[in-house]
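Numbering (the working numbering), first residue to last: 9 to 181.
Glycine included, every Cβ here is placed at the ideal spot set by N, Cα and C.
Owing to the predicted nature of the structure, the values given are computational and were not obtained by experimental measurement.
Below: the structure, in structure tokens.
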């Protein structure tokens, strides 16, 4: 996660470094230099670690030993992050083509089989696990994994031609 320090002293607060993070990342904001602190959510600890779900200001009030207060905030910006819809596990018969398409939008797609497009098509030769990373140019990404099974054609023969009467049963293997 990211870390930001807010320095609080007699009658002033100095917020160092607004920051930008991807969805799901955490940011830690530290209040340093005052006798006591009060965050907007009512917490009085020196540090706040927050999961970022939206862009917002994080505000803190510092109080000195003499009772002087100061307020400041830092801006935590949520960067646009790809959000993939999981691809269902699937499969195909040996040597058949299968196409997998990413559910969701991103600037860049990277499949573990080397494709760099939103969809990948390949022949199924062996069961495999494919990983997709969808990334935006700001560095935020999401990941999906799909299992691809290989189905085998049934193998069998009938021993010999035979004739039977209607209503009679015969075993075929």
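Exercise for the section: List the endpoints of the continuous beta strand (DSSP E) containing residue 64. Expected result: Position 56 of the chain shown, counted from the first residue, corresponds to residue 64. Unbroken beta strand (DSSP E) run through residue 64: 64-71.
Exercise for the section: Using only alpha-carbon positions, find the residue among 120, 74, 81, 151 that is nearest to residue 43. Expected result: Translated into positions along the chain shown, residue 43 becomes position 35. Closest by alpha carbon: 74.
Practice task
Have a look at residue 98 and residue 119 and give me their C-alpha separation to the nearest angstrom.
Solution key: The sequence position of residue 98 within the chain shown is 90, counting from 1. The sequence position of residue 119 within the chain shown is 111, counting from 1. Spanning the two alpha carbons is a distance of roughly 16 Å.
Handout entry: Three-state secondary structure assigned by DSSP to residue 46
Key = Looking up residue 46 in the chain shown gives position 38. DSSP places residue 46 in strand when its eight states are reduced to three.
Exercise for the section: Determine the DSSP secondary structure at residue 28, reduced to helix, strand or coil. Expected result: If you number the chain shown from 1, residue 28 lands on position 20. Residue 28 falls in the strand class under three-state DSSP.
Problem - For residue 133 and residue 111, the rounded distance between their alpha carbons - result: Within the chain shown, the letter at position 103 stands for residue 111. Within the chain shown, the letter at position 125 stands for residue 133. Cα to Cα, residue 111 sits roughly 24 Å from residue 133.
Handout entry: Burial state of residue 90, where buried means 16 or more other Cβ atoms lie within 10 Å
Key = As a working note, residue 90 is residue 82 in the chain shown. Counting Cβ neighbours within 10 Å, residue 90 comes out buried, since at least 16 surround it.
Exercise for the section: Mind checking which residues open and close the beta strand (DSSP E) that includes residue 157? Expected result: Counting from 1 along the chain shown, the entry for residue 157 is found at position 149. First-last of the beta strand (DSSP E) with residue 157: 149-159.
Problem - Short CB-CB distance (under 9 Å) between residue 64 and chain B - result: The structure shown contains no chain B; it holds only a single protein chain.
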